[in-house]
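Below is one structure, written out as structure tokens; the observations come after it.
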Amino acid sequence: MIDKRFIRRNERIRVPQIRLIGSDGKQIGIVSPQEGLAKAREEGLDLVEISSTAKPPVCRITDFGKYLYTLEKEEKQARKKQHVVQIKEIKLTSKIKEHDYQTKLRSGIKFLERGDKVKLTMFFRGREITHLNLGKRILERFTEDINDLAEVEKNSGLEGRMIVILITPKATNKKKPITKTVVQENAKTENQ
Numbered sequence: 004m005i006d007k008r009f010i011r012r013n014e015r016i017r018v019p020q021i022r023l024i025g026s027d028g029k030q031i032g033i034v035s036p037q038e039g040l041a042k043a044r045e046e047g048l049d050l051v052e053i054s055s056t057a058k059p060p061v062c063r064i065t066d067f068g069k070y071l072y073t074l075e076k077e078e079k080q081a082r083k084k085q086h087v088v089q090i091k092e093i094k095l096t097s098k099i100k101e102h103d104y105q106t107k108l109r110s111g112i113k114f115l116e117r118g119d120k121v122k123l124t125m126f127f128r129g130r131e132i133t134h135l136n137l138g139k140r141i142l143e144r145f146t147e148d149i150n151d152l153a154e155v156e157k158n159s160g161l162e163g164r165m166i167v168i169l170i171t172p173k174a175t176n177k178k179k180p181i182t183k184t185v186v187q188e189n190a191k192t193e194n195q
């Protein structure tokens with residue numbers, strides 16, 4: 004939220020010279036703040052400091068309320084475009100059936116298309132730990148199936164009774180809807 008107390012306007016602008024922009028958006032030139040304030044008062048508007056870091060500071064003749072509204076609107080748009088990357092976990096076992104695998108694959112692709120990272124966790128219960136190769140094969144298949152969408156960021160190997168792989172979406176392929184085609188191709192190859 005923008006704090007209007009920190010935006011200098013009218014008499015609060017205390018510098019020897021300012022670069023003035025008129026209400027129509029055209030640059031007037033470098034003038035004293037008193038001249039700028041006089042021109043703003045002639046038009047019935049405010050003198051608002053746009054950029055305090057510039058030398059000399061840039062000021063615009065505009066309605067202060069309208070200026071605040073546009074700043075808040077721009078800030079809201081910027082917040083809307085932000086995407087916080089989350090890590091979504093998909094848990095698998097070495098005894099996973101084909102339909103369950105396809106469901107997990109679809110959800111993984113959906114997460115990657117949204118731009119989230121995916122953490123694949125392969126659990127081994129009881130004596131399943133003796134068949135590590137089955138679990139590794141399933142994880143390799145999963146990473147191959149989403150290879151055009153993502154890349155493996157971290158392959159930690161066996162940790163206790165599980166194997167963990169962290170997958171990140173490729174930057175170039177964001178928002179590319181290929182969910183159904185990949186899943187259908189995989190189902191066809193498994194049925195043959």
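Residue numbers (this note's numbering): 4 to 195. Cβ coordinates follow ideal geometry from the N, Cα and C atoms, glycine included.
So is residue i buried or exposed if we call it buried at 16+ other beta carbons inside 10 Å?
i: residue 63; result: buried
i: residue 87; result: exposed
i: residue 142; result: buried
i: residue 15; result: exposed
i: residue 111; result: buried
i: residue 43; result: buried
i: residue 39; result: buried
Could you pull out every residue in the same chain whose Cβ sits closer than 6 Å to the Cβ of residue i, ignoring the five residues on either side in sequence?
i: residue 11; result: 52
i: residue 34; result: 23
i: residue 159; result: 167
Using only the alpha-carbon positions, how far apart do residue i and residue j sit?
i: residue 103; j: residue 157; result: 24 Å
i: residue 71; j: residue 77; result: 10 Å
i: residue 19; j: residue 49; result: 18 Å
i: residue 177; j: residue 89; result: Low confidence applies to residue 177: its pLDDT is 48, below 50, so where it sits in the model is not reliable enough to give any reading.
i: residue 17; j: residue 36; result: 7 Å
i: residue 179; j: residue 124; result: Model confidence at residue 179 stands at a pLDDT of 47, short of 50, so the residue's coordinates are unreliable and nothing is read from them.
i: residue 140; j: residue 174; result: 26 Å
i: residue 68; j: residue 82; result: 21 Å
i: residue 25; j: residue 65; result: 8 Å
i: residue 80; j: residue 9; result: 21 Å
i: residue 13; j: residue 54; result: 14 Å
i: residue 132; j: residue 164; result: 7 Å
i: residue 30; j: residue 59; result: 13 Å
i: residue 74; j: residue 61; result: 16 Å
i: residue 130; j: residue 105; result: 25 Å
i: residue 56; j: residue 28; result: 20 Å
i: residue 134; j: residue 84; result: 45 Å
Is residue i a contact residue of the ligand GDP, with contact defined as CB to any heavy atom under 8 Å?
i: residue 109; result: Here there are no bound small molecules, and the ligand GDP is not part of this structure.
Excluding sequence positions up to five away, which residues of its chain have a Cβ less than 8 Å from the Cβ of residue i?
i: residue 32; result: 22 and 23
i: residue 99; result: 107 and 141
Assuming the contact rule is C-beta atoms closer than 8 Å, residue i and residue j should be a hit. Round their C-beta distance to whole Å, please.
i: residue 170; j: residue 120; result: 7 Å
i: residue 115; j: residue 152; result: 5 Å
i: residue 122; j: residue 92; result: 4 Å
Looking only at its chain, what residues have a beta carbon closer than 7 Å to the beta carbon of residue i, apart from the 5 residues adjacent to it on each side?
i: residue 138; result: 97, 125, 127 and 166
i: residue 172; result: 115, 118, 152 and 153
i: residue 46; result: 26 and 64
Verify the CB distance criterion: does residue i have a CB-CB separation below 9 Å to chain D?
i: residue 43; result: Here there is only one protein chain, and chain D is not present.
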